[in-house]
Each structure stands twice: as C-alpha cells, then as structure tokens.
Amino acid sequence: MTLTGGLDLAAVFVFALTGALTASRAQLDIVGFIFIACLTAVGGGTLRDLVLGRTPVFWIAAPEFIYLAAFAALVVFFTAHLLESRYRAILWLDACALAVAVPAGVGVAAHLGQPAPVLVMMGVATGCFGGLMRDVVCNEVPLVLKQGELYVTAAFAGASAAAIAIWQGLTPDIALLICAAVTLALRAGSMAFGWRLPVYKSRPPRS
Amino acid sequence: MTLTGGLDLAAVFVFALTGALTASRAQLDIVGFIFIACLTAVGGGTLRDLVLGRTPVFWIAAPEFIYLAAFAALVVFFTAHLLESRYRAILWLDACALAVAVPAGVGVAAHLGQPAPVLVMMGVATGCFGGLMRDVVCNEVPLVLKQGELYVTAAFAGASAAAIAIWQGLTPDIALLICAAVTLALRAGSMAFGWRLPVYKSRPPRS
Amino acid sequence: MTLTGGLDLAAVFVFALTGALTASRAQLDIVGFIFIACLTAVGGGTLRDLVLGRTPVFWIAAPEFIYLAAFAALVVFFTAHLLESRYRAILWLDACALAVAVPAGVGVAAHLGQPAPVLVMMGVATGCFGGLMRDVVCNEVPLVLKQGELYVTAAFAGASAAAIAIWQGLTPDIALLICAAVTLALRAGSMAFGWRLPVYKSRPPRS
Numbered sequence: 144m145t146l147t148g149g150l151d152l153a154a155v156f157v158f159a160l161t162g163a164l165t166a167s168r169a170q171l172d173i174v175g176f177i178f179i180a181c182l183t184a185v186g187g188g189t190l191r192d193l194v195l196g197r198t199p200v201f202w203i204a205a206p207e208f209i210y211l212a213a214f215a216a217l218v219v220f221f222t223a224h225l226l227e228s229r230y231r232a233i234l235w236l237d238a239c240a241l242a243v244a245v246p247a248g249v250g251v252a253a254h255l256g257q258p259a260p261v262l263v264m265m266g267v268a269t270g271c272f273g274g275l276m277r278d279v280v281c282n283e284v285p286l287v288l289k290q291g292e293l294y295v296t297a298a299f300a301g302a303s304a305a306a307i308a309i310w311q312g313l314t315p316d317i318a319l320l321i322c323a324a325v326t327l328a329l330r331a332g333s334m335a336f337g338w339r340l341p342v343y344k345s346r347p348p349r350s
Numbered sequence: 144m145t146l147t148g149g150l151d152l153a154a155v156f157v158f159a160l161t162g163a164l165t166a167s168r169a170q171l172d173i174v175g176f177i178f179i180a181c182l183t184a185v186g187g188g189t190l191r192d193l194v195l196g197r198t199p200v201f202w203i204a205a206p207e208f209i210y211l212a213a214f215a216a217l218v219v220f221f222t223a224h225l226l227e228s229r230y231r232a233i234l235w236l237d238a239c240a241l242a243v244a245v246p247a248g249v250g251v252a253a254h255l256g257q258p259a260p261v262l263v264m265m266g267v268a269t270g271c272f273g274g275l276m277r278d279v280v281c282n283e284v285p286l287v288l289k290q291g292e293l294y295v296t297a298a299f300a301g302a303s304a305a306a307i308a309i310w311q312g313l314t315p316d317i318a319l320l321i322c323a324a325v326t327l328a329l330r331a332g333s334m335a336f337g338w339r340l341p342v343y344k345s346r347p348p349r350s
Numbered sequence: 144m145t146l147t148g149g150l151d152l153a154a155v156f157v158f159a160l161t162g163a164l165t166a167s168r169a170q171l172d173i174v175g176f177i178f179i180a181c182l183t184a185v186g187g188g189t190l191r192d193l194v195l196g197r198t199p200v201f202w203i204a205a206p207e208f209i210y211l212a213a214f215a216a217l218v219v220f221f222t223a224h225l226l227e228s229r230y231r232a233i234l235w236l237d238a239c240a241l242a243v244a245v246p247a248g249v250g251v252a253a254h255l256g257q258p259a260p261v262l263v264m265m266g267v268a269t270g271c272f273g274g275l276m277r278d279v280v281c282n283e284v285p286l287v288l289k290q291g292e293l294y295v296t297a298a299f300a301g302a303s304a305a306a307i308a309i310w311q312g313l314t315p316d317i318a319l320l321i322c323a324a325v326t327l328a329l330r331a332g333s334m335a336f337g338w339r340l341p342v343y344k345s346r347p348p349r350s
C-alpha cells in the first residue's frame, strides 16, 4: 500500500469517528450514525476527486472505504457513552483527521503531476470539506469558522510545507509526513496553547 | 421508456412538489419556487451522476426534467393554499419521492454494472440528498436528522433489498419494485405507526 | 482574452469581495477570509463545470483565479473597517457579481454548443450558487431566499434574454452584454426601488 493510500484510509476512519460522535449529539439511530460518518469521511476526498476529474470517485472504485466508515460508526454507537465529553473528543479527533486528510489530498494531486498551487488547494479542500459538510448538515457551528483558532490556517500551512518540500526535491513520502506534522502541530497548538492569528475586529458594533 | 427512466421522472416530479411547498413556507416568489423545486428534484440524481462519472448529468442531457420540476412548482404556487397543513403534505410527498428516488439510484448503478455495495450507496444518496439540500438551503431541520424516525434507514433497507434481489437473480425491474415497496413501507410505517430503531441516548446531559 | 474569460475573472473578483466581507462579519482571521472568498468566488463556476463534465474545473486549469480571490480577500481584510455598513456593501457587490457571473455561465454553455434551456440553467447556477454556499457556510440568511426581492428572478431573466438574443442570431458577445445589463437592472432596481414579484402568502398562519 502506498503512503497516500494509507493516509486516505486513516482520514476516512478518524473523520468517520467525528461524524458518528456528532450524530450522537443529534441523537440519531444507528443508520443515521453510519450516514453522517460516511458523509464526513468521504466528503473532502469526493470534492477533490470531482474537481480533478478523477471519476468514479475513490469510494466507488473501492467500497472498503465505506465499510471502514460504517465500522467506525458502530464503534462510536456502542462506546460513546464512556466518553466524558463528546465535544472535546470531536475536537481532538477532528484535529487528527485534518492532519492525515491534508497530506492525502496533497498526495493525490502530486501523483497526478499537478503544480504547487493545486497541491495546496487540494490539501486544504480534502482536509476541510468533510468536517464542513458534517457541521452544516448537523447544524453545528462549523469548526472552520471558530473564531481565533487555527483550522484552515493549519491545513494551509501543512499543504504549503509539502509543496515547498516537493519543490525542493524531497521525496513525496517525506513531504507528506512533514505536511501531517505541520498541520497537527499548528492545530493542536492552537487548541492547547491558544496559538492564533489576529482576527478581524471592527470598531463599531457588527453591522 | 425504461422503468428506471420512469422512476427518475416520478422522483423529480414529487421531490419538486416538496421543494415548492418548502418555498411556500419561506414565502418566496414564483421564480424562487421554481429554483427550490429544481434544486430538490435533481439534487440527489446530480450527486449520483457526478460520483459515478456520468457527465453531463442527466438533466443537462434531457432538460425535460427541469420543465417537469418547474411545472410542479407552478402547480404548488397556485394550489398550496388549499392544503390544510403544508408541513404534513411535505412529509408524505417526501416519503413518496424517497420511495421512487431510491430505486432510481439503484437502477442507474445496476445499469452501469456496479457491484452490490455501490448499488446500495447510490440508492441512499439519490434518495436522501435532494431533500437534504432543500432543508439546508431553506433552513429547515433536515428530515434526515429527525430523531426517532426511519428515513435513511428506510432508504438503506430498500436499496439493500434491491441489491439482494438482483444478486438472487431476479430481473432488475422486479428488484426495483421491491425496493420502492420496502422503502415506502418503512418510511410510511414510521410516520403512521411510530416504527423506529433505538436512538443513541447518553445518560448525562448533552455535552 | 475572450469576453467570457473576462466575465469569469470579474465574477471571481467581486464574489471574493463579498465572501471576505461576510468573513469579516464572522470575525475570522486572514486565512479564513481567503477560504470563504475562494469558496464564494469559484463555487458557482465549479458546479457549472462539474455538471457539464468540464473537468478538471476552471480554477485547477488556471490557478490565477485563486490568486485573484486571495488578493480580493487581502484588500477587504485591510480596508473593511473604512466601510460604513458592510452589509450594504455585501448587497451591492453581490448584485454586481451576479450581473457578471450569470453571463459567464451562459457564455461557457454557449461555447460548448448547448441548447437554450441549458444556457439558462447554467447562467442561473453559476450566478446563484457561489453566494448560496457563502451564506450557508457562514450561517447568514441566503440572499437567494430574501423575501420579496428579485434575485433568482434577475438571474433567470438575464440568462433568458441572452438565450433569446443568441437564438435571434445576435453575436454571443452582444448577447452576454445584454444578459449582464438585464440582470443588473432587475437586481439593482429591486434593491433601490422595491421592484418585486408577488410572493406566496397563505391566509392562515404558517403551518
């Protein structure tokens, strides 16, 4: 199995866990858990494949991805009550999923021989859109929009690091590992230590 | 006309009715009715065609689908005031639309020679995504998420029944009729008699 | 550069401005501004390209579109505090973006030799979906749904005017200019003078 294939599997599994936990907050039944888990797990990669013209998309060609997401949903359905805070679990698992999905997106684009800006865009899109669909459908405030946290920024920095590494002649596998490390470090650092970029603040009240 | 073609037409028409009724709850004008009706009517089938790589999608190849959805929107615009409860009408029409859209999705995938898991996924996606887009855009609580009702479950059971029937050697047409019957029975039974699966309930308050 | 290419550029830039202004209302950081600006700027055109089967989509083939959207986001990040009302700026910029995006959608479809109904649908989809995604993701009431304003109607009238003009034998460039003028006139007239179509009103309270 290639590194990109392994990253895709890991991203699907961990995003599916976050989707199922979000389904538990909405008190859905077991099939609802599987539905939201699959949506979250394959949403970003589906967008990536569609805009790049790689059809049928990855989970049609290999339904194992769907089985894996469904398995993750079952695990959550029977164990989520053991968690102290499902919301904190969602946050941290989502950070891990982001850190594998961004390099998965970059890896697919690099494999197709796309130029550096497309690598960055596919990394950000693959990383951010699964969670965005999960939050929009389940009516939660999208993590992407949480004020004063590095989320899109972490994805962007990780994908950019990979593009620079590939441009500098490092092997793709090393570039993808750098990408995962940068993304996870920034996202986790933002949650644990409050790292952030300045946000836009207008002087007068919101208008 | 093939059975799949007929199911596609029926799904477009009935989903368009639900979309227009939702537009009436948002007090849109006539073009707004047509817009939401079209979005609901072709949303699920568009996703199905995109992920399977069938482009241009079905309503580009045959604009009659759009005319049909627009006609449904006109019918609702001029008659919705006769309904006692538009919300109940949406619920029941949506159940009928689900029961024709799921087999339409399965039928297209079967026609392309896809394996059983893809048949099930395309049935669920075609059935559920049109209504999901309607509800997200119009800011209604998605029917997919309504606690303790069989919705995705009905679609999943119907699509699975069709996949099993095809695997057992039944003709595709009979498999699709079984699919429609199972989906409608479960969804209608859930609304009328309260059939449901156990939902996830955590002991402590939502966290 | 062709007229359609110029319209695509203009639509990307002006929609990106509206996206960044919406990001400022959500108090995001600079990368968040760029993310929402890009989503708004290329959302409609991406949908158009996907359903027509033009992949890779336009901004993969030409990343300049993304640079332009990012530049617009930077401009807004550093100047939005000078605006008296960001909401009014969003409304008027969105009207301008609509008036260039609708002909851009029609122009691409006409270039592919699509029939008149497809021209109209691609005009409406390209014009309306970028702003719709922006509003759904940022949890604003979609402009598409604002009661008693011409929005989809303006897009529909403009696209229809272009289709009629092409059918009457006018050159595509003139047809696209007519399209832009009709769309802008109706949308701006609706905002400035209250032009509207009758909206659906039920006698009894909303049910």
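Chains as they are written, first to last, in my numbering: chain A, 144 to 350; chain B, 144 to 350; chain C, 144 to 350. All C-beta atoms, glycine included, are put in the ideal place defined by N, C-alpha and C. It should be emphasised that the depicted structure is a prediction, and the values quoted were computed from it without experimental measurement.
- One alpha carbon belongs to A298 (chain A), the other to T326 (chain A), and they sit about 6 Å apart.
- At a C-beta separation below 8 Å, Q290 (chain C) has these neighbours in chain B: A169, Q170 and L171.
- From the beta-carbon of M334 (chain B), no residue of chain A is found nearer than 8 Å; the closest lies around 15 Å away.
- Note on geometry: alpha-carbon atoms of Y343 (chain A) and L288 (chain C) lie some 27 Å from one another.
- By a beta-carbon distance limit of 8 Å, A244 (chain A) contacts F158 (chain A). Their separation comes to about 7 Å.
- Near chain B, meaning a CB-to-CB distance below 8 Å, the residues of the region 295-326 of chain C are V295, T296 and F299.
- Listed along chain A, the residues sitting closer than 9 Å to C281 (chain C) by beta-carbon distance are P285 and L288.
- C-alpha of L286 (chain C) to C-alpha of A304 (chain C): approximately 22 Å in a straight line.
- For V342 (chain A), the beta-bridge partners assigned by DSSP are C:D172.
- The beta carbon of I173 (chain A) is closer than 8 Å to those of A216, L217 and F220 in its chain, skipping five residues each way along the sequence.
- V200 (chain A) carries a coil assignment under DSSP once its states are collapsed to helix, strand and coil.
- The Cβ atoms of G266 (chain B) and L241 (chain B) do not sit closer than 7 Å to each other.
- The three-state secondary structure of E207 (chain C), taken from DSSP, is helix.
- Excluding sequence positions up to five before and after E283 (chain C), its CB lies within less than 7 Å of the CB of T165, all in the same chain and listed in chain order.
- Here D151 (chain C) has A247 as same chain residues with Cβ atoms under 6 Å from its own Cβ, once five neighbours each way along the sequence are excluded.
- M265 (chain C) sits in a helix when the DSSP states are folded into three classes.
- For V174 (chain A), the nearest CB of chain B lies under 7 Å from its own CB, placing it at the interface with that chain.
- Contact of P258 (chain A) with chain B is not assigned, every C-beta pair being separated by 7 Å or more.
- If you draw a straight line from the Cα of G256 (chain B) to the Cα of Y210 (chain A), it is about 20 Å long.
- Look at T147 (chain B) here: in three-state DSSP terms it is helix.
- S333 (chain B) is classed as buried because its beta carbon has at least 16 other beta carbons within 10 Å across all chains shown.
- I177 (chain A) counts as buried, since at least 16 other C-beta atoms from the protein chains shown sit within 10 angstroms of its C-beta.
- With its beta carbon less than 7 Å from one in chain B, T198 (chain A) belongs to the interface.
- Taking the Cα positions, F272 (chain B) is about 5 Å away from G187 (chain B).
- Buried is the label assigned to S167 (chain C), since at least 16 other Cβ atoms lie within 10 Å of its Cβ.
- When C-beta distances to chain B are compared with 9 Å, the residues of the region 220-237 of chain A below that value are F220, A223, H224, L226, E227, S228, R229, Y230 and R231, in chain order.
- Annotation for V284 (chain B): no alpha helix (DSSP H) segment contains it, and DSSP assigns it neither H nor E.
- When secondary structure is reduced to three states using DSSP, T183 (chain A) falls in the helix class.
- When rounded, the separation of the alpha-carbon atoms in A238 (chain C) and F156 (chain C) is 13 Å.
- Close partners of T189 (chain B) in chain C (Cβ separation under 7 Å): V194.
- Here the alpha carbon of T189 (chain B) sits roughly 44 Å from the alpha carbon of F336 (chain A).
- Secondary structure at S333 (chain A): helix, using DSSP grouped into helix, strand and coil.
- Neighbours of P341 (chain A) across chain C, judged by C-beta separation under 9 Å: D172 and I173.
- By the neighbour-count criterion, in which a residue is buried when 16 or more other Cβ atoms sit within 10 angstroms of its Cβ, G162 (chain A) is buried.
- Contact with chain C is absent for V185 (chain A), since none of that chain's Cβ atoms lies less than 7 Å from the residue's Cβ.
- Pairing W338 (chain C) with C281 (chain C), the inter-Cα distance amounts to about 28 Å.
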